[in-house]
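J.:
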Amino acid sequence: MRLAIFSDVHGNELALDAVISDLRRVGCDGVYVLGDLAFRGYAPKACVEKVAELADKVVRGNADEWVVRGVRTGEAPEERRAGMDEEAAFARGLLDRAELEYLANLPLLLEEESPFGRWLAFHATPLDPFPVVAADAPDDDIESRIIAGRGARLYLYGHIHVPYVRDVRGRTVVNLGSVGMPFDGVPQASYVILHVDGDAFRVEHRRVAYDVEAACRRYGEIGYPAADVMKRVLRAARPV
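Here the sequence shown stands for residues 0 to 239, where the numbers follow numbering that gives the first Met the number 0.
Structural data, given as structure tokens:
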């Protein structure tokens with residue numbers, strides 16, 4: 000059995016299309032998406048529609064909340080909050096009521112049973128889509144904030160846009176990276192295939208090239224409020 004799991008599309012339709020083509024070529028038995036579908040993208044509506052049609056299950060990310068209700072004080076650096084709220088409003092203006100309700104009603108946590116045992120999937124931490132747990136966080140932080148006493152064998156999350164897999168005291172913790180906005184310096188979409196073989200599993204990170212320059216052009220064509228910033232982010236695959 001093969002499961003495709005991805006996160007952080009951020010309205011980048013060309014990157015999402017590349018991942019969809021790749022997972023279909025590989026052949027997957029299920030698709031799970033861990034949030035942040037529309038915010039900061041040139042194609043928020045198309046990405047929400049495609050994920051809703053494709054995925055078996057989807058969880059809510061912090062940026063999905065921002066699209067629905069705006070960026071609140073304390074959720075972003077205050078000097079950047081007004082600009083980020085404008086970006087959220089841009090996405091919100093391109094979605095219809097049903098799509099906004101879809102984002103608002105997504106769950107925060109998936110708990111799944113498999114032949115190898117229980118696995119959990121969420122955006123940032125099991126019950127909060129906002130905290131940042133870095134790839135190099137100490138084991139104690141991973142255990143208290145990601146594993147959080149839940150007793151599963153495998154934990155998958157997004158949010159930080161940096162793919163990794165590590166063992167933490169006998170549990171496997173995986174970050175998927177980002178489909179639409181990677182932050183690890185590799186300007187390619189990132190996602191995971193979970194290979195399940197009886198009571199064993201294997202995590203495969205996959206990188207998929209897409210036309211970054213075409214994506215950059217789309218920001219300008221649609222009149223995105225932070226087009227120049229987003230072009231730099233996509234080209235560098237780093238936060239700016």
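Yeah, the Cβ is synthetic: ideal placement off N, Cα and C, and Gly gets one too.
Sort out for me which residues DSSP pairs Asp166 with in a bridge.
T.: Asp166 pairs with Thr171.
J.: Taking the alpha-carbon of Glu212 as reference, which of Asp127, Pro186, Val195 has the nearest alpha-carbon?
T.: Of the candidates Asp127, Pro186, Val195, the one whose C-alpha sits nearest the C-alpha of Glu212 is Pro186.
J.: Would DSSP call Gly40 helix, strand or coil?
T.: Reduced to three states, the DSSP call for Gly40 is coil.
J.: On the premise that Asp198 lies in contact with Pro114, defined as a C-beta separation below 8 Å, what is that separation, rounded to the nearest angstrom?
T.: Contact flag correct, Cβ pair sits at about 6 Å.
J.: Can you name, in chain order, every residue of its own chain whose Cβ lies under 6 Å from the Cβ of Ile91, other than the five neighbours on each side?
T.: The sequence given here has Arg at residue 91, not Ile. Contacts found: Val66.
J.: Please say whether Pro162 and Gly184 have beta carbons closer to each other than 8 Å?
T.: No, these two residues do not count as a Cβ contact at 8 Å.
J.: Taking Cβ positions, are Thr124 and Ile145 nearer each other than 8 Å?
T.: The answer is yes: Cβ separation under 8 Å.
J.: Going straight from the alpha carbon of Ala188 to that of Ile221, what length do you get?
T.: Approximately 22 Å, taken between the alpha carbons.
J.: Would Leu13 pass as a contact of Ala236 if the rule is Cβ separation under 8 Å?
T.: Contact: no.
J.: Looking only at its own chain, which residues have a Cβ that is under 6 Å from the Cβ of His194, when we skip the five neighbours before and after it?
T.: Closer than 6 Å at the Cβ level, and outside the excluded window around His194, lie Arg1, Arg201.
J.: Does DSSP put Arg80 in a helix, in a strand, or in coil?
T.: Helix.
J.: Please report the distance separating the alpha-carbon of Arg216 from that of Asp138.
T.: One C-alpha to the other measures close to 41 Å.
J.: Rounded to whole angstroms, what is the Cα-Cα separation between Gly26 and Ala3?
T.: If I take the Cα positions, the gap works out to 9 Å.
J.: For Gly60 and Gly40, which I take to be in contact (beta-carbon distance under 8 Å), what is that distance rounded to the nearest angstrom?
T.: About 13 Å; that fails the 8 Å criterion.
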